[in-house]
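Under the working numbering, think of the first position of the sequence shown as 8, with each following residue one higher. Think of the CB as a built atom: it goes at the ideal place given N, C-alpha and C, for glycine as much as any other residue. Please read all numbers here as calculations on a predicted model, not as lab measurements.
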Amino acid sequence: MPKTRRKVNIIGHRNPDTDSICSALAYTYLKNQLGDAVYEARRAGQINRETAFVLKHFGVEPPRLCTDVSPQVKDIDIREQPGIDKEMSIRAAWSMMRDTEIDTLCAIDEDKELLGLITVKDIANANMDLFDTEVLAKSKTSYKNVLSTLEGEMLLGDPDACITSGRIFIGTSPEIMDGAVNPGDIVLVSNRYEVQMCAIDCGAGAIVVCCGSAVPRTILARAQEKGCIVITTPFDTYAAARLISTAAPVRHFMRSKNLLEFSVNTAVEDARKVMANVRHRYFPILDANGKYCGVISRRNLLNVHRKQVIMVDHNERGQAVDGLEQAEILEIIDHHRLGALETAGPVYFRNEPVGCTATIISRMYEEHGIEIPPQIAGLLLSAILSDTLMFRSPTSTPLDQHIAEKLARIAGEEIPTYAEQMFEAGADLTGRTADDVFFSDFKVFSRGDAKFGVGQAIYMTSNSRSAAEALITPFLPEALAQAGVPMVFFMCTDMRAQATDLLFCGQQAEEIVRSAFHVETKNGKAVLPGVVSRKKQLIPPLMAALQALQA
C-alpha cells in the first residue's frame, strides 16, 4: 500500500495581514500546479476584517489555523496494528501477538472506539492463575471461543450460547466424579463410556470428549435429555485442560480504565515525557476524530519526521509560528529586511525589494508559465493594494503597480473602487475590542538587545482614525503586558491624509520617539506627517534611536 505523501505547510507570520494570508494561498496554488508535493496554506493567527472581506469577496475559504509546527505524533511512524474484538479469546490474542511480533493489542468496537488494551504480561498472569477453575463462567465465555481454542466440534448444543456458571473439571473416573461434579460444570472426559455418562448424570453443563474419540448415540441422547452440551476435541486431556481456560475473552483481562493513549495531534515532546514515566512498551493512538488508528513505542520517537514549512511574508524567528526550530524550512519568500534566522541546511530564499510578497509570487507564476486564475489574481491584487496602501506607501515600487494592474484585469476589478471597499472593511470598528484592533496586524522587531512591538491599522477618514485612537489609547498598558516586550507602538494611519498618529507605551518609548522623528509628543502620542509605512518609515528610525540610546 503506497504511503500518503506528507503535506508541506505554506504559512505567513503571526497576527497575519492580507499579504500574509493571500500570498500563502496563492503560492500554495502555484506549488500544487507544479505537482512535486502536496502543499497546504495555513495561517498563524486570527484573520483581520480586511482579509476576511477579501476572502469573502473572492469566495475563498480561510486557511486552517497553525500556531505550532513542533513535531506531533502524526509525524512519526505509527504502527497500523489492527484493533481486536473484545470477545476474542486470549489464546487467539496471544497467537496474534506471536505472529505480528507485538506484545500489546487494542480492543475496539465497530466504530473504532478504543475499549481497552491487553498485553502479553496480562495473558501470562491469566495463564498462571491455575486455580481459577471458574474463569469461563466469570467471563461469560462463548462456546464459539471454546470450540476455536480446542479446535473442536460441537455435537450437541448452541455455539452462540455463553457459559454462565460452573467450573472446569477433569473427569477421570465415576468414583472421583460422584459428588465432585456440580450442575453446570464443564467436564473434560476420555473415551470411557461410563465416565461420559456419569458426567452427564451429575448435571454437567457440558462435556468435552478428548482425543477425538467418537461419542455413542446413547450418550448424545442422554445429553440432550439432560440439556448437556457435547464437544469433541483432537487434543488429549492434558492439553485440553491447559488450553480451555485460554478461551476466556480478552475483555475479562484487558485494561479499560486510565489508559495511556495519545492523539495524532499530541506533541512528540509531551508523549516522550509520559513514556519516560511508565513501563509500557506500546501506546494506542487515536486519530483526529478520536478513533483508534494504531500504536507507537519509544523506538518510534527516534524517527521523527519534522514538519516541512515554507515561510512567506516574513523571515524572522520572532514573527514565526512556535516550534519553527524543530521544523524543516524548505523555502522563504519575502520582501522584508533580513532577520536572524538559522536553518539546518540550504533553503530556497527569495527576497526582493518590492512593496509586497504577492508581487514576487505573481512573477513566479510568470516564470513557471502558470496561468493565474481570476480568483487567485484577486487575492494577489488585494495583498498588493493592502501592503502598498494602493501605491501610496514609500515601499511601493513601479513593479508593484504594474503587476497589480495586470491582476486587476484578470480579476475583473477596478482598483480605486475595490481598494476603498477593502480598506473601509478593515477600518470598521463595529463590535471590535481594543485587543482585536491592536493585535490584528502586530509584529515584534528585534536587533541585538533592542526589542519592541508595532501594530498598524489603515483608515480612510480622520473620524475612523480618531475612533480607533480613542479605543486603543487606554489599552496600551495592557497590550504592553500581553506582548511581553519593553515597548509597544501603534500606527493609526490615515491613508488619504498620508499621515500617522503614533501611539506608544513603555519604558523610554517617549524619548525614543522624540529622538527618532524629532517631534514633540503629548499624552502618549506623536503626529508623523508623511509616515505611512511601518517597514520603511517607522522601523529604521526607531531602531537607530534605540541603539543610539543604548550606546
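Start and end of the beta strand (DSSP E) containing Leu348?
Note, Leu348: premise wrong, no beta strand (DSSP E); not H, not E.
Measuring alpha carbon to alpha carbon, tell me which residue in Val302, Lys450, Thr500 is nearest Phe430.
Comparing Cα positions, the closest option is Thr500.
Kindly indicate which three-state DSSP category Ser617 falls into: helix, strand or coil?
In the structure displayed, the chain extends from 8 to 558; residue 617 sits before or after that span and is not available.
Which residue's Cα is closest to the Cα of Gln554: Glu527, Leu509, Ser453, Ala474?
Among Glu527, Leu509, Ser453, Ala474, the Cα nearest to that of Gln554 is on Ser453.
Among residues of its own chain, excluding the 5 on either side of Asp435, which ones have a beta-carbon nearer than 7 Å to its beta-carbon?
Counting only Cβ-Cβ distances below 7 Å, and skipping sequence neighbours, we find Arg56.
According to the Cβ coordinates, are Ile383 and Ala365 closer than 7 Å?
The answer is no: Cβ separation not under 7 Å.
Between which two residues does the beta strand (DSSP E) containing Gln514 stretch?
It is not in any beta strand (DSSP E) - Gln514 carries neither H nor E in the DSSP assignment.
Would you call Val302 buried or exposed, if buried means 16 or more other Cβ atoms sit within 10 Å of its Cβ?
Buried is the call here.
Mind checking which residues open and close the beta strand (DSSP E) that includes Ala457?
Segment 457–466, the beta strand (DSSP E) holding Ala457.
If we ignore side chains and look at the alpha-carbon of each, how far apart do Ala33 and Cys73 end up?
Rounded to the nearest angstrom, the two C-alpha atoms are 18 Å apart.
Excluding the 5 residues flanking Pro547 on each side, which residues of the same chain have their C-beta closer than 7 Å to its C-beta?
Contacts found: none.
Can you give me the start and stop residues for the alpha helix (DSSP H) that Asp26 sits inside?
Run containing Asp26: 25–41, per the alpha helix (DSSP H) assignment.
Can you tell which of Thr437, Lys413, Gln515, Thr480 has the C-alpha that lies nearest to the C-alpha of Lys458?
With distances taken between Cα atoms, Lys458 lies closest to Gln515.
Between the alpha carbons of Arg241 and Leu124, how many angstroms are there, rounded?
Rather than Arg, the amino acid found at residue 241 in this sequence is Pro. The straight-line gap from Cα to Cα measures roughly 32 Å.
Distance check for Glu485 and Met498, CA to CA, integer angstroms please.
Computed Cα separation, rounded: 17 Å.
Could you tell me if Gly433 is buried or exposed, where buried requires 16 or more neighbouring beta carbons within 10 angstroms of its beta carbon?
Buried, since its Cβ has 16 or more Cβ neighbours within 10 Å.
Taking a contact to mean a Cβ-Cβ separation below 7 Å, would you say Ala48 touches Ile17 in this structure?
In contact: Ala48 and Ile17 (Cβ atoms closer than 7 Å).
Just to confirm, are Lys233 and Ile207 a CB contact at a threshold of 7 Å?
Against a cut-off of 7 Å, the Cβ pair of Ile207 and Lys233 comes out as a contact.
What residue does the beta strand (DSSP E) around Thr239 start on, and which one ends it?
Here the beta strand (DSSP E) through Thr239 covers 236–239.
Can you tell me where the beta strand (DSSP E) with Ala434 in it begins and where it stops?
Looking at the DSSP string, Ala434 is not in any beta strand (DSSP E); the run it does join, the alpha helix (DSSP H), is 422–434.
Is Gly491 buried or exposed, if buried means 16 or more other CB atoms sit within 10 Å of its CB?
It counts as exposed.
In chain order, what residues of the same chain have a beta carbon less than 8 Å from the beta carbon of Ile633, not counting five sequence neighbours either side?
Nothing in the structure corresponds to residue 633, since the chain is present only between 8 and 558.
Taking buried to mean at least 16 other C-beta atoms within 10 Å of its own C-beta, is Lys10 buried or exposed?
Note that Lys10 scores a pLDDT of 49, beneath 50, so its modelled location is shaky and nothing firm can be said.
Taking contact to mean at least 3 C-beta pairs separated by less than 8 Å, is the segment 330–339 in contact with the segment 372–379?
As far as the Cβ criterion goes, the segment 330–339 does not touch the segment 372–379, which means the pair count is below three.
Report all residues from its chain with a CB closer than 8 Å to the CB of Leu163; omit the five preceding and five following residues, and keep chain order.
Leu227, Ala230, Gln231, Cys235, Ile236, Val237.
Report all residues from its chain with a CB closer than 8 Å to the CB of Glu338; omit the five preceding and five following residues, and keep chain order.
The answer, listed in chain order, is Ile317, Met318, Val354, Tyr355, Phe356, Arg357.
Near Ser522, what residues of its chain come up, given a Cβ to Cβ distance below 6 Å and the 5 sequence neighbours on each side ignored?
Excluding residues within five positions, the ones whose Cβ falls inside 6 Å are Ala552.
Can you tell me which of the three DSSP states Met184 falls into?
In this structure, Met184 counts as helix in the three-state DSSP scheme.
For Ala533, which beta-bridge partners are listed by DSSP?
Bridge partners of Ala533: Leu509.
Determine the direct distance from the alpha carbon of Leu387 to that of Ser369, and round the result to whole angstroms.
Computed Cα separation, rounded: 7 Å.
First and last residue of the alpha helix (DSSP H) that includes Arg249?
Where Arg249 is concerned, the enclosing alpha helix (DSSP H) stretches over 244–251.
Judging by CA-CA distance, which residue of Met397, Leu309, Ala221, Ala504 is the nearest neighbour of Val275?
The option with the nearest alpha carbon to Val275 is Leu309.
Tell me which residue opens and which closes the beta strand (DSSP E) that Leu121 is part of.
Residues 121–126.
Between Ile251 and Ser220, what straight-line distance do the alpha-carbon atoms span, to the nearest angstrom?
Answer to the nearest angstrom: the Cα atoms are 18 Å apart.
Where Val142 and Pro89 are concerned, what is the direct C-alpha to C-alpha distance, given to the nearest angstrom?
So the alpha carbons of these two residues sit roughly 27 Å apart.
So for Cys300, helix, strand or coil by DSSP?
Note: Cys300 maps to strand in three-state DSSP.
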